[in-house]
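Student: First, the structure itself, so that you have it in front of you.
Rendered as structure tokens:
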């Protein structure tokens, strides 16, 4: 994702990229951000509460989950539920979270060029297209990912073992 942001900057696209979370890669990310001259564009925030995340979502245009490896991701569902346009990679469970080109966008993992291109494509969507994708995603989350449905799927899964 950071390499994709470098591509956007080289194309003179104005952006801020906020990374939420903490972990072992923090120093590596900080170094990469500095080396690529992205310190004015990329911000590391560390861990946030769900309430803080709702505030962040309300100030965000696009949610990106650039995972290389990921199971089913509740953060992606949260982002879609509040109407954020969502871009994820094809890392395992993320493809369950997003229906490509219907509720969001799925790109190849480890492909910074494709991520940058998808971000530029999403930015250029008409307001009507953005609204349709956002609404479709939000409605899908509300309909297909209820606690009751998830509980039933877990029971079905464990009953097949």
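In the numbering used here, the protein residues as written are 5 to 165.
All C-beta atoms in this analysis are idealised placements derived from N, C-alpha and C, irrespective of residue type, glycine included.
#1: When the distance is taken between beta carbons, is residue 84 closer than 8 Å to residue 93?
#2: When the Cα atoms are used, what is the spatial distance from residue 38 to residue 97?
#3: Out of curiosity, what's the CA-to-CA distance linking residue 23 and residue 160?
#4: Pick out whichever of 163, 41, 102 and 40 has its Cα sitting closest to the Cα of residue 68.
#5: Short of 7 Å in beta carbon distance, which residues of its chain neighbour residue 64, apart from the five on each side in sequence? Order them along the chain.
#6: Taking the alpha-carbon of residue 58 as reference, which of 36, 10 and 82 has the nearest alpha-carbon?
#7: Specify the secondary structure class of residue 69 as computed by DSSP and reduced to three states.
#8: Taking a contact to mean a Cβ-Cβ separation below 8 Å, would you say residue 7 touches residue 142 in this structure?
#9: What residue range is occupied by the uninterrupted alpha helix (DSSP H) comprising residue 86?
#10: Classify residue 41 as helix, strand or coil using the three-state DSSP reduction.
#11: Taking residue 43 as the reference, which of 53, 20, 55 and 56 has the closest Cα?
Tutor: Reading off the structure:
#1: no
#2: 31 Å
#3: 35 Å
#4: 102
#5: 88
#6: 82
#7: strand
#8: no
#9: From DSSP, residue 86 is part of no alpha helix (DSSP H); its letter is neither H nor E.
#10: coil
#11: 20
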